[in-house]
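Under the UniProt record's numbering, residues 1 to 228 are what the first sequence spells out, in order.
Glycine is no exception: its CB is placed at the ideal position from the N, C-alpha and C atoms.
In what follows, a structure is listed as C-alpha cells, so that the remarks can point back to it.
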Amino acid sequence: MDNQVQTLTEHLRATIWARCLTAAQMKRVETDTFEQFVPKGGFVCRKGEPMESWTGIIDGLVKMNNFSPAGKSVTFTGVPAGGWFGEGSLLKDDRRKYDVIALRDTRVAQMPRATFEWLLETSLPFTRFLLMQLNERLGQFIGLVETDRLLNVDTRVARCLASMFNSHLYPGIEKVVQISQEEIGYLSGASRQSANQALQLLEKEGLVRIDYGGIRVLDVEGLRQFET
DNA sequence: TCATTAAATTGTT
DNA sequence: AACAATTTAATGA
1 MDNQVQTLTE HLRATIWARC LTAAQMKRVE TDTFEQFVPK GGFVCRKGEP
51 MESWTGIIDG LVKMNNFSPA GKSVTFTGVP AGGWFGEGSL LKDDRRKYDV
101 IALRDTRVAQ MPRATFEWLL ETSLPFTRFL LMQLNERLGQ FIGLVETDRL
151 LNVDTRVARC LASMFNSHLY PGIEKVVQIS QEEIGYLSGA SRQSANQALQ
201 LLEKEGLVRI DYGGIRVLDV EGLRQFET
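Have a look at this one:
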C-alpha cells in the first residue's frame, strides 16, 4: 500500500504555499513548525481554546465539529491530509469556534502564530494562498446552505466528497481517504445506510471507487457537478 | 508461510 | 436498528 511515511519537513516542502517561499523563509518554517500525533477519536483542538498555531494535516483525517445547544453533534467539514486550517481565527485573534476531532490516527503540523504572522507580512505568495483558501472555503459554505436545503442525499454525499478534495489548493495529493462509510455519513449529514447507497450510485457513475475502509475519488469535477 | 480467530467495515432489510 | 457477509489484522504453529 501507500504506506510511505512522510516526514514533517517533506510534507512542508510539498505544500503549494511553501513552493513560493524563499530559502530563508522556508528554513524558519521548518524550524518553528512541530509535529503532533493525535490518535483516532482524539481532539486536535477544542472549541473555545485560544489559537496558538496554524494547523496542517500531514497524515490522516480530521473533522470540524460542533455541538448545538441541545447537545446534538453537527459536523461542518472534513479535512484530509494536505489541508490547513485555523487561519480565520488566527487573523481575527479569536478563539476556536469548533472542535477538531481525528477520524483516524492523525499526524498534524503546528505552525506557531508568530511564524504564521511573519509569513503573512513577508511573503506575498503566502498571503495570496490564504486569500484563495478563504475564498474557496466561503464558496464551500455557501454551497452547503444550498446543499443542505435543496438537494437529496446522493448529491449531498457527492458534494461533500468533492469539497474535501476540491479545496483546489491541495494539488497532487492522493485522492484516497481512509474513511468508513459511517464517517462519510457524519460528514454529509446522512445515515450510514444512505451514505452506503449514495456511494454505490457514485461508483456506478464512475466517480469514485469503494475500497474496504476507504474511498478513492476518480473524478472530482464530476462529483461537484453531480445531480440526480 | 499458513490457518485460525477477533475486530472492523460493508451490504441488505 | 438489526443482521449477515466480507475484509483486515493479529496470533501462533
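Here L134 is exposed. Its C-beta has fewer than 16 other C-beta atoms within 10 Å. For the pair A162 and V220, the Cα-to-Cα distance works out to about 6 angstroms. M164 sits away from R95, with the two beta carbons spaced by 8 angstroms or more. Going by DSSP, C45 is part of the beta strand (DSSP E) stretching over F43 to C45. Per DSSP, the beta-bridge partners of W54 are M111.
E174 is classed as exposed because its beta carbon has fewer than 16 other beta carbons within 10 Å across all chains shown. Taking C-beta atoms under 8 angstroms as the contact rule, T228 and D154 qualify, at a distance of about 5 angstroms. In the three-state scheme derived from DSSP, where H, G and I count as helix and E and B as strand, I142 is classed as helix. Taking the Cα positions, S180 is about 13 angstroms away from G78. Residue L199 holds the alpha-carbon nearest to the alpha-carbon of D211 among F85, L199 and R13.
Cβ-Cβ separation between V44 and V100: approximately 4 angstroms, consistent with a contact (criterion under 8 angstroms).
Here the alpha carbon of K97 sits roughly 17 angstroms from the alpha carbon of G42. With 16 or more other CB atoms across the displayed protein chains lying within 10 angstroms of its CB, E183 is buried.
Leaving aside the five residues that flank M111 on each side, the residues in its chain whose CB is nearer than 6 angstroms to its CB run, in chain order, T33, S53 and W54.
Straight across, the Cα-Cα distance linking Q25 with L119 is about 8 angstroms. A direct Cα-to-Cα measurement between L138 and S89 gives close to 14 angstroms.
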